[in-house]
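A quick write-up on the structure given underneath.
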Amino acid sequence: MPSRLSAAIAILGAVISTASAQDSHDHSGMAGMSMPPASTAPSDRASEARGAIEESMSGSLIAAPHMTMTPHLHASAADSTRAQGILDTLRGSIEKYRDVNVALAEGYKPFLPKVPQKVYHFTSTARAIAAAFHFDPAKPSSLLYKKTATGYELVGAMYTAPKRASLDELNARVPLGIAQWHLHTNICLPPASQKERWLERRDGKPVFGPIGSVTTATDCEAEGGRFFATLFGWMVHVNPYETDPAMVWGTHEHGEHEMEMH
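Okay, structure coming up:
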């Protein structure tokens with residue numbers, strides 16, 4: 000659980016920074032965004048809270064109250080050709096980032112680098128903002144790294160799009176016949192001033208967060224929480240160095256879990 004937990008915290012943090020940058024005209028809900036307590040509660044309980052976030056980012060992600068997936072369309076020959084072009088462009092453009100110092104110098108910042116994770120998100124605020132208006136396959140919003148004994152190994156990238164983007168707009172960026180974008184929905188967060196409530200569980204399940212039992216605005220209000228019909232923007236991960244085509248555009252995060260963060 001610790002490794003899965005920290006991976007999701009990193010994803011959540013990365014997409015928070017990406018989304019707040021992208022949704023410059025609609026980020027009132029991001030004000031006061033808080034993370035589960037890391038050191039203000041006993042370590043085992045804090046781990047439970049952050050584990051709730053991680054669970055939401057691990058395993059298969061399917062259409063559900065907390066998750067909206069784009070439809071998987073039939074891939075045409077043109078889709079396959081376009082997707083291959085995106086991959087070729089991406090591989091060439093991020094090759095220099097195999098040296099993580101180059102990524103850092105160009106504004107990609109790691110989230111929770113000292114927390115053990117399977118995959119670390121390095122996000123560029125500038126590129127996330129640009130992605131809200133224009134898709135450039137050579138400039139992903141985030142880079143994905145695995146930590147090694149000697150540093151970091153580049154394993155992939157993440158593209159983002161505004162939550163307001165239509166299916167046609169997402170398809171124009173990355174063909175929906177090849178990949179599925181996902182969007183986090185119907186999320187109830189505890190009050191910003193009550194971080195300890197991230198720890199709340201009912202019937203063995205978390206109350207708040209991306210896998211919380213609360214999925215409606217009415218129930219969230221009853222809990223005194225903050226409801227987000229949509230949290231963050233659209234995301235899709237790409238693992239361009241995978242040899243299995245299903246893994247390149249598959250709904251997973253470089254073999255750690257299907258689909259996937261945040």
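If you read the sequence shown in numbering that gives the first Met the number 0, its first letter stands for residue 0, the second for the next number, and so on.
In this text, a Cβ means the ideal position worked out from N, Cα and C, and glycines have one as well.
Just so we're clear, the structure is a prediction, and the values are computed from it rather than from any experiment.
Just checking my contact of residue i with residue j at CB under 8 Å: how many whole Å lie between their CB atoms?
i: residue 333; j: residue 64; result: Given a span of 0 to 261 for the chain in the structure shown, any question on residue 333 remains unanswerable.
i: residue 208; j: residue 73; result: Not quite, the Cβ-Cβ distance comes to about 35 Å (not below 8 Å), so this is no contact.
i: residue 179; j: residue 88; result: That pair is no contact at about 20 Å.
i: residue 232; j: residue 161; result: 5 Å
Leaving aside the five residues before and after residue i along the sequence, list all residues of the same chain whose C-beta is less than 6 Å from its C-beta, in chain order.
i: residue 54; result: Only weak support exists for where residue 54 lies, its pLDDT of 43 falling under 50; the value from the coordinates is given anyway. Same-chain partners within the cutoff: 210.
i: residue 158; result: 139 and 235
Below 7 Å CB to CB, which residues in the same chain sit around residue i once its five sequence neighbours on both sides are set aside?
i: residue 101; result: 95
i: residue 66; result: 60, 181, 183 and 184
Along the beta strand (DSSP E) that carries residue i, what are the first and last residues, could you check?
i: residue 101; result: Taken as a continuous stretch (DSSP letters only), residue 101 belongs to no beta strand (DSSP E), being part of the alpha helix (DSSP H) at 99–104.
i: residue 109; result: 107–109
i: residue 141; result: 141–146
Report the three-state DSSP secondary structure of residue i (helix, strand or coil).
i: residue 155; result: strand
i: residue 246; result: helix
i: residue 238; result: coil
i: residue 122; result: strand
i: residue 188; result: strand
i: residue 233; result: strand
i: residue 163; result: coil
i: residue 131; result: coil
i: residue 217; result: helix
i: residue 204; result: strand
Let's see if you can read the secondary structure: which residues bound the alpha helix (DSSP H) around residue i?
i: residue 223; result: Looking at the DSSP string, residue 223 is not in any alpha helix (DSSP H), and its letter there is neither H nor E.
i: residue 85; result: 76–93
Tell me whether residue i is buried or exposed, calling it buried when 16 or more other Cβ atoms sit within 10 Å of its Cβ.
i: residue 181; result: buried
i: residue 271; result: Outside the displayed range of the chain (0 to 261) lies residue 271, so it cannot be described from this structure.
i: residue 174; result: buried
i: residue 247; result: buried
i: residue 267; result: Nothing about residue 267 can be read from this structure; the chain reaches only from 0 to 261.
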